[in-house]
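Q: Everything in the sequence shown is counted per my numbering, starting at -3 for the first residue and increasing by one.
Ideal placement from N, C-alpha and C gives every residue a C-beta, glycine not left out.
Dropping a structure here in structure tokens format, bear with me for questions.
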Amino acid sequence: MRYISTRGNAPAKTFTEILLGGLAPDGGLYLPEQYPQVTRAELDAWRKLSYAELAFEVLSKFATDIPADDLRAIISKTYTSEVYGNGRADSDSTQITPLRTLADNVHILELSNGPTLAFKDMAMQLLGNLFEYALDKQHAELNILGATSGDTGSAAEYAMRGKRGIRVFMLSPNGKMSGFQRAQMYSLQDPNIFNIAINGMFDDAQDMVKAVSNDHAFKARYKIGTVNSINWARVSAQIVYYFKGYFAATQSNDEQVAFSVPSGNFGNICAGHIARMMGLPVGQLILATNENDVLDEFFRTGVYRPRDTGHTYETSSPSMDISKASNFERFMFDLVGRDGAKVREFWSKVDAGGAFDIKDTAYWHALATFDFASGKSTHRDRLKTIRELWEEYGVMIDPHTADGLKVGLEQRRPSLPLICLETALPAKFEETIREALGREPERPEALAGIENLTQRCEVMDADVTRLKSYIAEHAPQ
Ligand SMILES: *Cc1c(COP(=O)(O)O)cnc(C)c1O
-3 MRYISTRGNA PAKTFTEILL GGLAPDGGLY LPEQYPQVTR AELDAWRKLS YAELAFEVLS
57 KFATDIPADD LRAIISKTYT SEVYGNGRAD SDSTQITPLR TLADNVHILE LSNGPTLAFK
117 DMAMQLLGNL FEYALDKQHA ELNILGATSG DTGSAAEYAM RGKRGIRVFM LSPNGKMSGF
177 QRAQMYSLQD PNIFNIAING MFDDAQDMVK AVSNDHAFKA RYKIGTVNSI NWARVSAQIV
237 YYFKGYFAAT QSNDEQVAFS VPSGNFGNIC AGHIARMMGL PVGQLILATN ENDVLDEFFR
297 TGVYRPRDTG HTYETSSPSM DISKASNFER FMFDLVGRDG AKVREFWSKV DAGGAFDIKD
357 TAYWHALATF DFASGKSTHR DRLKTIRELW EEYGVMIDPH TADGLKVGLE QRRPSLPLIC
417 LETALPAKFE ETIREALGRE PERPEALAGI ENLTQRCEVM DADVTRLKSY IAEHAPQ
């Protein structure tokens, strides 16, 4: 299996060649040359598999340049009930992603029982083990540099802690994260994890990361890499739970389902799109946004109009507060019939701060054949959904999952069972839960009192020179 760029102007590469890199050299994102197809006989056989076995079957179609025994070993140490047993006390952690049935044909797929209580652990834990494996083989090292406003940074740190050959330098806005989020990250004492609290906002931290990455000499000298959501290995790991969720919610492979997905960067739902392209019987894919509705606008009107970062609303589902959906380019590449020149044309507008519109083109009709639906959910909707679910079923959900459920119930065709992806646990978002329910969310036992642990972090002004010398000091060449 080889990987090509969505902008059509980069040489094809293998899975391990793109594992540690970011964008393709032409500015595009990598995708498989063709999507591997899953036969009916395979689907029938896969229905009975454990999560780790299923992950091996799916991922061995993509990571064809990793020897099967190595891949199997990496996967079986990743998807264990120890790693994914940190969440709800009444969840069956042997399932890794247990399905919780709320009502006839309405389900929640629990993806948030990993170490940081958000679905990003599903892919990031695998990435940590894949990175360690690849770096070991190449006798190489990697210094991961990132900026976070919460979920991504902690998922990356818990995936990379204690890994050979890897250091993590994670920037976060000083004093802007919740006490729980701070404690999760800053209490890590592993010598390869460096938390840096920037006196500024998330955007300042993000700008510092960009500035360092644009210094190509420094980047090469200190082997700087990233783990952001365009990483292909992350997307491919997310494909697995669409299969798992489908098997859990259906009796036979003749049935169809709808998935609803709380969306930000379009990474999660992109994996759903690919699962369907491989042959998984998915009827609808339902995209849910919060007040930051760039993607909902596209699926309703055909106009993709990213906002300036200054025009991103701060909402109570903060992990969906995005102004540009970085993985959306992957879907557009398929929508335009894999015409890299067309993608280049669209993104020359986007990269210049503009928009594109497919309404009066053949692509608008093509879009209908992909069977997406979309909708948006506001702060008031979140509170209402959290409250209704708690009162009716005694199930507490987080604000992002509430966005997904609200839009899913609104948009699904009634003939299809609905599987809403749970992207975080309510324990991460205490303030909104208190506002909705007047009580504290349940917190997994292992995380009780996490705020009282000793914290370790470097506080720094938003000064790129200072950041570079900090990296140079702590990442010996
Ligand atoms: C990252 C995140 C999302 C958005 O996922 P995308 O893959 O960016 O669409 C939604 N909910 C939570 C809790 C997240 O952490």
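Mapping DSSP to helix, strand and coil, what is residue 264?
A: Assignment of residue 264 by DSSP, reduced to helix, strand and coil, places it in the helix class.
Q: Taking the Cβ atom as the reference point for each residue, do residue 274 and residue 32 lie within a distance shorter than 9 Å?
A: The Cβ atoms of residue 274 and residue 32 lie closer than 9 Å to each other.
Q: Using DSSP with H/G/I as helix, E/B as strand and the rest coil, what is residue 435?
A: coil
Q: Return the chain-ordered list of same chain residues with a C-beta closer than 6 Å to the C-beta of residue 94, the five sequence neighbours on each side being excluded.
A: Cβ neighbours of residue 94 beyond the five flanking positions: 87, 88 and 106.
Q: Report all residues from its chain with a CB closer than 7 Å to the CB of residue 271; omit the five preceding and five following residues, and keep chain order.
A: 235, 238, 239 and 278
Q: Whose CA, out of 39, 365 and 175, lies closest to the CA of residue 281?
A: 365
Q: What separation, rounded to the nearest whole angstrom, lies between the Cα atoms of residue 321 and residue 424?
A: About 23 Å.
Q: Out of 154, 340, 464 and 167, point me to the one whose CA is closest to residue 23's CA.
A: 340
Q: Could you name the residues of the same chain whose beta carbon sits closer than 7 Å to that of residue 121, not counting the 5 residues immediately before and after it, in chain order?
A: 74, 79, 110 and 155
Q: Since residue 140 and residue 221 should fall inside the 8 Å C-beta cutoff, what is the C-beta to C-beta distance between them, to a whole number of angstroms?
A: Contact holds; Cβ gap of about 5 Å.
Q: By Cβ distance below 6 Å, which residues in the same chain neighbour residue 186 in space, the five residues on each side in sequence not counted?
A: Around residue 186: 157 and 158.
Q: Taking the alpha helix (DSSP H) that residue 120 falls in, what are its first and last residues?
A: 116 to 134
Q: According to DSSP, is residue 96 part of a helix, a strand, or is it coil?
A: Of the three classes helix, strand and coil, the one that applies to residue 96 here is strand, per DSSP.
Q: For ligand 1, I want to know if residue 227 counts as a neighbour, meaning its beta carbon is within less than 8 Å of at least one of the ligand's heavy atoms.
A: no
Q: Run the CB neighbour count on residue 344, radius 10 Å, all protein chains shown included, and call it buried at 16 or more, exposed below.
A: exposed
Q: Starting from the N-terminal side, write out each stretch of the alpha helix (DSSP H) that is 4 residues or longer and does not extend beyond the region 336 to 401.
A: 336 to 347, 358 to 365 and 375 to 389
Q: Could you check whether the region 281 to 295 touches the region 117 to 132, counting it as contact only if at least three pairs of C-beta atoms, one from each stretch, sit closer than 8 Å?
A: Short answer: they don't touch.
Q: Indicate, with yes or no, if ligand 1 has a heavy atom lying under 8 Å from the CB of residue 135.
A: Closer than 8 Å to some heavy atom of ligand 1: that does not describe the Cβ of residue 135.
Q: To the nearest angstrom, report how far apart residue 430 and residue 436 are at their CA atoms.
A: 6 Å
Q: How is the beta strand (DSSP E) around residue 104 delimited, first residue to last?
A: 102 to 106
Q: Checking the sheet assignment: what are the DSSP bridge partners for residue 226?
A: DSSP lists no partner for residue 226.
Q: Compute every distance between the C-beta of residue 365 and the non-hydrogen atoms of ligand 1, then say whether any falls below 8 Å.
A: Not one heavy atom of ligand 1 is found less than 8 Å from the C-beta of residue 365.
Q: For the alpha helix (DSSP H) containing residue 79, list its first residue and its last residue.
A: That residue, residue 79, is in no alpha helix (DSSP H); it is neither H nor E in DSSP.
Q: Select from 285, 315, 1 and 70 the residue whose C-alpha is nearest the C-alpha of residue 150.
A: 315
Q: CB of residue 440 to nearest heavy atom of ligand 1: below 8 Å?
A: no
Q: Compute the beta-carbon to beta-carbon distance between residue 255 and residue 268, rounded to the nearest angstrom, for a pair I have assumed lies under 8 Å.
A: 5 Å
Q: Tell me, please, which residues DSSP counts as bridged to residue 528.
A: Residue coverage of the chain in this structure runs from -3 to 473, which leaves residue 528 outside it and unanswerable.
Q: Would you identify the three-state DSSP class for residue 146, choosing helix, strand or coil?
A: coil
Q: Does the separation of the CB atoms of residue 370 and residue 296 fall below 9 Å?
A: Going by beta carbons, residue 370 and residue 296 fall inside the 9 Å limit.
Q: According to the Cβ coordinates, are residue 286 and residue 378 closer than 9 Å?
A: yes
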